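K.L.:
Per the numbering used here, the very first residue in the sequence shown carries number 61; after that it's consecutive.
Beta carbons: idealized from backbone N, C-alpha and C, even for Gly.
Since we're looking at a predicted model, the values are computed, not measured.
The structure is given below, and queries will be raised subsequently.
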Amino acid sequence: MSAGLGRGCRRLALCWPLRAGLRTRAHSQQGEPGSLEIKPKTTHVPKIYTKTGDKGFSSTYTGERRSKDDQVFEALGTTDELSSAVGVASELSQESGHTFVQQLHKIQCMLQDVGSNIATPLSSAREAHLKRTSFSEKPVLELEQWIDKYSDQLPPLTAFILPCLCKYRKAVGVEEIELTLLCLHLQLYLNIQQKCPIQMDIIASSGGKSSAALHFSRAVCRRAERRVVPLVQAGEADANVAKYLNRLSDFLFVLARYAAMKEGKEEKIYTKSEP
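Put into structure tokens, the structure is as follows:
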């Protein structure tokens with residue numbers, strides 16, 4: 061493994077596992093020859109920073125050095141972002157007592173495998189690379205089973221669903237702004253705290269916090285799919301990766317509706333404005 065492996069690849073579990081080796085030696089203990097003493101071998105823990113990407117380049121799993129704005133790293137970064145969003149949804153869902161948290165955890169593990177495949181461009185991959193990072197259709201079929209399972213328990217969908225309705229109030233309490241937005245992550249994406257310190261109140265969460273977080277994950281998943289499709293079309297990533305992300309966005313949508321139903325939360329629907 062190249063010492064300059066990109067940080068994004070390392071986050072996606074592409075480094076070879078560190079093994080704490082054991083060594084034995086025969087010695088005499090209390091007059092008994094041939095006894096074995098097992099001592100743990102000291103292992104070197106690598107630093108989180110490598111400085112190899114300071115000039116704007118990073119390494120793929122195949123050892124290529126590419127610019128950090130390369131399509132491969134765009135797709136990798138968005139997949140990492142998706143996993144983080146699913147993690148937030150999982151935490152909120154666990155607080156609400158949902159049993160599908162285990163499936164969200166499995167999805168995060170599968171996204172690691174998605175990242176591994178993306179980080180292994182087929183044009184430069186050797187047989188050993190392909191064997192380690194191939195992505196089969198089995199996870200896609202599993203998602204389809206999950207979608208069918210939860211969809212069968214939901215009422216028919218008759219209108220567009222608004223992910224979340226939030227109210228933002230300035231600290232001084234002078235002005236109130238009501239926005240239909242994804243509540244979770246909004247401060248991060250719009251840098252609101254830097255522009256105007258505010259207090260956020262969820263006045264009408266469309267389906268509740270778990271549902272809103274799942275809807276946000278769905279939106280990020282769609283973007284991840286858009287980043288991966290060019291790689292698949294160029295023959296650099298496995299087609300099953302794009303299929304998986306496509307099914308995953310559907311599953312997250314169904315799960316958001318299911319979470320709202322189980323929590324007894326009302327889903328806010330789209331209504332067309334009068335001309």
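DSSP on F117, reduced to helix/strand/coil?
P.N.:
Of the three classes helix, strand and coil, the one that applies to F117 here is strand, per DSSP.
K.L.:
Compare the C-alpha of E155 against each of K111, R126, E134, S270 and name the closest.
P.N.:
Selected option, being the one with the closest Cα: S270.
K.L.:
Can you tell me whether Y109 is buried or exposed? The criterion is at least 16 other CB atoms within 10 Å of its CB, across all chains shown.
P.N.:
Answer is exposed; the Cβ neighbour count stays below 16.
K.L.:
Ordered along the chain, which non-local residues of its own chain (more than five positions away) have a Cβ less than 6 Å from that of R125?
P.N.:
F117, S119.
K.L.:
Along the chain, where does the alpha helix (DSSP H) containing R282 start, and where does it finish?
P.N.:
Residues 269–293.
K.L.:
Does the contact criterion of 3 or more C-beta pairs under 8 Å hold for the region 158–166 versus the region 292–299?
P.N.:
Because the criterion of three Cβ pairs below 8 Å is not met, the region 158–166 and the region 292–299 do not touch.
K.L.:
Would you say L308 and A149 are within 9 Å of each other, going by their C-beta atoms?
P.N.:
No, Cβ-Cβ distance for L308 and A149 is not below 9 Å.
K.L.:
Who pairs with R125 in a beta bridge, going by DSSP?
P.N.:
DSSP output for R125 lists S119 as bridge partner(s).
K.L.:
V146: which of P335, T103, L305 sits nearest, CA to CA?
P.N.:
Of the candidates P335, T103, L305, the one whose C-alpha sits nearest the C-alpha of V146 is L305.
K.L.:
Rank K166, A272, I167 by C-alpha distance to the C-alpha of E326 and give the top, closest one.
P.N.:
Closest option to E326, Cα to Cα, is A272.
K.L.:
For H87, which of helix, strand or coil comes out of DSSP?
P.N.:
At H87 the pLDDT is 43, less than 50, meaning the model places this residue with poor confidence and gives no usable figure here.
K.L.:
Output the distance between the C-alpha atoms of K128 and Q293, rounded to the nearest integer angstrom.
P.N.:
Between K128 and Q293, the C-alpha separation is close to 20 Å.
K.L.:
Under 8 Å by Cβ, that's how I've got P181 and T122 pegged, so tell me the actual separation to the nearest angstrom.
P.N.:
Correct: roughly 6 Å between the Cβ atoms.
K.L.:
By alpha-carbon positions, which one of E141, D130, K111 ends up nearest to R282?
P.N.:
Checked all of E141, D130, K111; the closest Cα to R282 is E141.
K.L.:
Count the other CB atoms, across all protein chains shown, that sit within 10 Å of the CB of R83; report buried if there are 16 or more and exposed otherwise.
P.N.:
Its pLDDT being 39, under 50, R83 is placed unreliably by the model, and nothing is read from it.
K.L.:
Can you give the Cα-Cα distance for S194 and N177, rounded to whole angstroms?
P.N.:
If I take the Cα positions, the gap works out to 6 Å.
K.L.:
Check whether the Cβ atoms of V132 and L291 sit closer than 9 Å, and answer yes or no.
P.N.:
Yes, Cβ-Cβ distance for V132 and L291 is below 9 Å.
K.L.:
Just verifying my parser: in three-state terms, what is the DSSP assignment at Y304?
P.N.:
Of the three classes helix, strand and coil, the one that applies to Y304 here is helix, per DSSP.
K.L.:
The alpha helix (DSSP H) that contains E187, what's its start and end?
P.N.:
That run of the alpha helix (DSSP H) goes 187–193.
K.L.:
Thinking just about the alpha-carbon of each residue, which of G324, Y318, K303, E334 is nearest to the one in E204?
P.N.:
When only C-alpha atoms are compared, the closest one is K303.
K.L.:
Since S153 contacts A319 with CB under 8 Å, what's their CB separation in whole angstroms?
P.N.:
Contact holds; Cβ gap of about 6 Å.
K.L.:
Tell me whether V314 is buried or exposed, calling it buried when 16 or more other Cβ atoms sit within 10 Å of its Cβ.
P.N.:
By the neighbour-count rule (16 or more Cβ atoms within 10 Å), V314 is buried.
K.L.:
If you run the structure through DSSP and keep just helix, strand and coil, what is D140?
P.N.:
Residue state, collapsed to three classes: helix.
K.L.:
Using a 10 Å radius around the Cβ and a threshold of 16 neighbouring Cβ atoms, would you call G324 buried or exposed?
P.N.:
G324 is exposed by the Cβ-count criterion.
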